[in-house]
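Residue numbers (the working numbering), protein chains in the order written: chain Y, 1 to 312; chain Z, 313 to 624; chain C, 625 to 936; chain R, 937 to 1248.
There are 4 protein chains.
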Amino acid sequence: MSLTDAQLAEIAAQRESRTETLRPTVPALEAMLYQAIPVLDHGFVRVIDYMGDDSAIVQAARVSYGRGTRRVSEDAGLIRYLMRHWHSTPFEMCEIKYHVKLPIFVARQWIRHRTANVNEYSARYSILDREFYIPAPEQLAAQSASNRQGRGDVLQGDEATHVLNLLRQDAMQTYDHYAEMLNETEAGEARDPARQGLARELARMNLTLNTYTQWYWKTDLHNLFHFLRLRADAHAQYEIRVYADAMLDTVAAWVPAACQAFKDYRLGAVTLSAQMLSTVKRMIAGEVVDQKASGLSKREWDEMMGALGKAP
Amino acid sequence: MSLTDAQLAEIAAQRESRTETLRPTVPALEAMLYQAIPVLDHGFVRVIDYMGDDSAIVQAARVSYGRGTRRVSEDAGLIRYLMRHWHSTPFEMCEIKYHVKLPIFVARQWIRHRTANVNEYSARYSILDREFYIPAPEQLAAQSASNRQGRGDVLQGDEATHVLNLLRQDAMQTYDHYAEMLNETEAGEARDPARQGLARELARMNLTLNTYTQWYWKTDLHNLFHFLRLRADAHAQYEIRVYADAMLDTVAAWVPAACQAFKDYRLGAVTLSAQMLSTVKRMIAGEVVDQKASGLSKREWDEMMGALGKAP
Amino acid sequence: MSLTDAQLAEIAAQRESRTETLRPTVPALEAMLYQAIPVLDHGFVRVIDYMGDDSAIVQAARVSYGRGTRRVSEDAGLIRYLMRHWHSTPFEMCEIKYHVKLPIFVARQWIRHRTANVNEYSARYSILDREFYIPAPEQLAAQSASNRQGRGDVLQGDEATHVLNLLRQDAMQTYDHYAEMLNETEAGEARDPARQGLARELARMNLTLNTYTQWYWKTDLHNLFHFLRLRADAHAQYEIRVYADAMLDTVAAWVPAACQAFKDYRLGAVTLSAQMLSTVKRMIAGEVVDQKASGLSKREWDEMMGALGKAP
Amino acid sequence: MSLTDAQLAEIAAQRESRTETLRPTVPALEAMLYQAIPVLDHGFVRVIDYMGDDSAIVQAARVSYGRGTRRVSEDAGLIRYLMRHWHSTPFEMCEIKYHVKLPIFVARQWIRHRTANVNEYSARYSILDREFYIPAPEQLAAQSASNRQGRGDVLQGDEATHVLNLLRQDAMQTYDHYAEMLNETEAGEARDPARQGLARELARMNLTLNTYTQWYWKTDLHNLFHFLRLRADAHAQYEIRVYADAMLDTVAAWVPAACQAFKDYRLGAVTLSAQMLSTVKRMIAGEVVDQKASGLSKREWDEMMGALGKAP
């Protein structure tokens, strides 16, 4: 990650200006506020603002359940109950805002999560920086033979070198041509006074999908958990999973009780279909069940055995 | 408005606990935080939490426009530009949470605004209080003769008295029967040990639509402005408009620049259709245009003349 | 259910007018189209329009996966795969529109599902019919002693009779006073020429929550499944569950493959938390595990044992 | 536009299979159904399915307004009223589904409209075609000097030739390297058996932003109008505006009354701020008002004068 001096100064300034508030605050998250957590080679995630804490979830649930919740003895238990029984609205009462720098192809996956607010750097309006994602050697994976959207072994030797060269050279060349077509210096002057310069909204189309962009992204805790369940998952592409992992750390600092419930009931949980449940009941009763006897398809059988920690 | 002693004590406690934060704070809104603003006879609106301020709007816009906005000299001007040109995403970067107590028939209108988070007191789970909205005499209006969803003159004399009596008596009687069917005392004991008591989720159906409910309601500034444009409008029903008016005051304290832009470009603005615009151009050119010559329908003509401050 | 002659004639007319289309059609759903399925004492659900079928889900998935899906041998298998792995967007490609008549307190639960389009009969604009929900005797349940939002035994004898009388009398009385305050005949004349009549938007507040309303409700299949998972569930209130059950039948006719996958992977499925999964693994390995040894709370243990079909 | 033979055959087959339906159908849209409308050099828009028609809007409004709308004499008038007074829910009752082929940088703008359902071709799963957008010479515009997100004069002579060469060569080279890194033939064999081939989810990052992608995109009429208002507007980038223009033609065929109301009250309309309205009133009264006297900023004055068809 490479923050400019101007950005570092801005972060330092943001971390200077303390004020008093009557709102709930979370010291563990305040300690992270504005700080850039490095992700990939040039990316980052940083928390810009937040609303609410674990107590805000409980407070919202108690508005819903009114006097009825007087007897619930402690907050963490109530939060676990809400998570287990899919009561989503109390989690919507917490909100968080991130500033993220990320490659465009990652941004294209991310934006599919629609229930969020986004302000992205506009390459129609401004000029993008000369920064692009080049995978670290250990992430340069071959296509998986068994899974069409997965990765296989890491590329080695000449093939690895060749691929890295192609990625790097093409990104640099297309960026250089982008800058050439724009015909504009840092200071906004024409590089070559004889040329007009192509419109920014057109020139950007010459950039490759590993070019970095950045945005402000704001969402509520319920929708953030949904995002994390899909993106902090082993099936997610590595390049978005590392962002989700970094964000999960911020959530653990922010709402520790809700985050633990999320890990237990979502991230670490497994859903058994009606047929799988029936098979598991037979197994618990001591019956030896094989795929054929289970009535499950080969694929479902393998998934269930995987979840149960058995070789398929 | 009648806050219970427990509620008053809770508000006082909330207003005691100051902490330090690195987040942006708005002193004018902090001064209102948690305080209940009375609305109607038993209702209120109070701000429970907020995220962001005028600067957060500018900050988000500058992420979008990057270096391009360096030249924009001042924030209020940028905010006005964003509002005028329907750039909605920067306003989505601010979030606010209210606690509202309101009659059920108002809640039914309000909930139609879908882009918000809501936790409502559950009458399935808990018992509602004995509070219902009875209009003040000056709000007891007759059906409008000209507008099917509007009000005419205020009812007078015997009719007014009779209507108020019916509303009051029916609300009290249905509530008393609700309590009787529940067969439960404040302390959760059976009133009459010989009876079981009807399930809460059923008993509630006996209540009238002017019974008060309450909820936590959280939304972003863009969607709040949309709500306010429709509900702080002269065409909105009085009983929801007074809530919108109270909320507009909190918005003015929170984001004064955005709120002023909203008043100028939305609340106080008028939209001219293609045909109206053509008529206005002719008028400016000095032509005397009547409805027939304008090509507008009678209704559109009247609306346009109203907007131009002329008798139709 | 009581459809008026005008409504029956309208349905008959709608079922007469066949036209040709190039769009996908579903004969089994066409057979149900416009027909009112009775729900509760005066309510109904009827399908008004639909877009797409099982093939549309497959088609959308194949746009996403492109050439990659050529090898997937059959559609139902692909649909099951999508459901199992939480791929929601292909299911969003199907859309359905219902006309529903339902008590207001049910409408208040239903409207919490925000991702849908709704047009409700406006009591601000028009006059509601004299129809209200009175539970059948076998649904007149006592409050559950163990579950604050559940039902216990059915009320018997005098208490049942008394409750039904209260519900019926209060609904009739408040409606009669509503009509009296409106002071308007069916034909729109004044009942009593000496009175002005209260504005409709005010008079409606005198109605009880079991009064029937109606709406058009349109949603996509993914969000409909989410609604059905929560509302066709045993924990849902009976009065909304019967609507969900009726809708589930229409979905089975419309998209049989997707509906079966939904039943197997959602309605009939169970989610095990990380701790529950660990316990189940030990049980399958032959270990005798009790609550204490499982590390689960009493409540979680009971829920897990219930899911496994064992007495807790 | 270049449809493959397989695609042409599929369209022909889709246009063959007529069935009967009880649903409302729109012959003018049926005539366009499945047909690809060419956009840009390789893109297209085609309608895949639709639900509802002008009558469905009216029907939904009448559910809302109940008996109250009996007197409204004709449908088009009601639709115009709904549009003029921002009644959005009846328009949500119509739904349309498009298949669109478009450059990635256009897709990135488009996806910002969140209230829609999308299934996009997955370059994580499958291999993208060798097709990229190269602007026609008359669209090769210079950066606007006055508007940071606008276009100026069309590039001429050597500069134009040079820019087109860069765009074409970079797109071809990066695509060729993408294919080389994938190391896969059309038939799914290894090009070079000595290499493993880079994972698809990684290789795609080498493509430029003018590469074509495709998706299914489904939305309701209200949100489609919102999209068209922003994207069929003169301020929208040309490359997305041509898609919006093509879609506007399909909407005119589908819901002619709603489309005409949209053109009059949205596309061709102008919104005057409180201050502009006050100025217009003075102008109509015969007063000569200049910018200074109006109290408007220079920018607002120019915008208002532009709307009034006057030189600023």
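In this text, a Cβ means the ideal position worked out from N, Cα and C, and glycines have one as well.
All figures in this text were calculated on a predicted structure; none of them were measured in a lab.
Three or more Cβ pairs closer than 8 Å define a contact, and the region 1035–1055 of chain R meets that threshold against the region 1148–1159 of chain R. Non-local beta-carbon contacts of MET395 (chain Z) in its own chain, meaning distances under 6 Å to residues more than five positions away in sequence, involve ALA573, TYR577 in chain order. Counting along the chain, no alpha helix (DSSP H) covers HIS709 (chain C), and no H or E run does either.
Listed in chain order, the non-local C-beta contacts of ALA307 (chain Y) below 7 Å within the same chain comprise VAL270, local neighbours out to five positions each way being set aside. Burial of LEU752 (chain C) is indicated by the presence of at least 16 other C-beta atoms within 10 angstroms of its C-beta. Distance from the CA of CYS718 (chain C) to the CA of THR1051 (chain R), rounded to the nearest whole angstrom, comes to 15 Å. At a cut-off of 9 Å between beta carbons, ILE681 (chain C) makes no contact with chain Y. By alpha-carbon distance to ASP158 (chain Y), the top candidate from Y:GLN173, Y:MET172, Y:ALA171, Y:LEU140 is Y:LEU140. Interface with chain C (9 Å Cβ-Cβ cutoff): GLN1196 (chain R) is excluded.
DSSP links LEU510 (chain Z) through a beta bridge to C:ALA766.
Comparing C-alpha distances from TYR81 (chain Y) to each of C:SER921, C:GLY933, C:LEU831, C:THR809 shows the shortest one belongs to C:SER921. Proximity of ASN1119 (chain R) to chain C, defined by a Cβ-Cβ separation below 9 Å, is not satisfied.
Scanning chain C for C-beta atoms nearer than 8 Å to the C-beta of ILE284 (chain Y) yields VAL904, MET907, ILE908, LEU932, reported in chain order. Out of R:ASN1119, R:ALA1072, R:ALA945, R:GLY988, the CA that lies nearest to the CA of PRO1192 (chain R) is found in R:GLY988. Residue environment for GLY43 (chain Y): buried (at least 16 other C-beta atoms within 10 angstroms of its C-beta). With respect to GLU1120 (chain R), GLY1133 (chain R) sits close: the two C-beta atoms are nearer than 9 Å. A Cβ-Cβ contact shorter than 9 Å links LYS1033 (chain R) with ILE984 (chain R).
With fewer than 16 neighbouring CB atoms inside 10 Å of its own CB, LEU8 (chain Y) falls in the exposed class.
Using a 10 angstroms sphere on the CB of VAL912 (chain C), the tally of other CB atoms stays under 16, which defines it as exposed. Counting only the Cα atoms, LEU579 (chain Z) lies some 6 Å from ARG541 (chain Z). The straight-line gap separating the alpha-carbon atoms of ILE349 (chain Z) and ALA324 (chain Z) is approximately 14 Å. The region 861–870 of chain C makes no contact with the region 787–799 of chain C: fewer than 3 CB pairs, one atom from each, lie closer than 8 Å. Taking C-beta atoms as the reference points, THR1144 (chain R) and ASP1106 (chain R) count as a pair closer than 9 Å.
Of the candidates Y:ASN119, Y:GLN156, Y:GLY152, Y:GLU120, the residue whose Cα lies closest to the Cα of PRO137 (chain Y) is Y:GLN156.
For ALA1081 (chain R), same chain residues with a beta-carbon under 8 Å away, outside a window of 5 residues either side, are GLY1088 in chain order. Under a criterion of Cβ atoms nearer than 7 Å, the residues of chain C adjacent to ASN1053 (chain R) are, in order, THR713, GLU716, MET717, ASP844. For SER146 (chain Y), not one C-beta of chain R is nearer than 9 Å to its own C-beta.
Annotation: Cβ neighbours of ALA996 (chain R) in chain C (cutoff 7 Å, chain order): ASN743, TYR840. In this structure, THR643 (chain C) lies near THR957 (chain R), with their beta-carbon atoms less than 9 Å apart.
Under the 9 Å criterion on CB atoms, THR785 (chain C) is classed as non-interfacial with respect to chain Z. In the same chain as ALA1188 (chain R), and ignoring 5 residues on each side of it, the C-beta atoms closer than 6 Å to its own belong to CYS1195, in chain order.
Between TRP1190 (chain R) and TYR1061 (chain R), the CB-CB gap reaches or exceeds 9 Å.
Beyond the five residues adjoining it in sequence on each side, ALA544 (chain Z) comes within less than 7 Å, by CB distance, of ARG553, ALA556, ASP557, LEU560, LEU579 in the same chain, given in chain order.
Contact note: ASP888 (chain C) reaches chain Y through SER273, ALA274, GLN275, using a C-beta cutoff of 8 Å and chain order. Under the Cβ criterion of 9 Å, GLU698 (chain C) is not counted among the residues facing chain Y. Beta-bridge analysis with DSSP links HIS99 (chain Y) to Y:ARG46, Y:TYR216.
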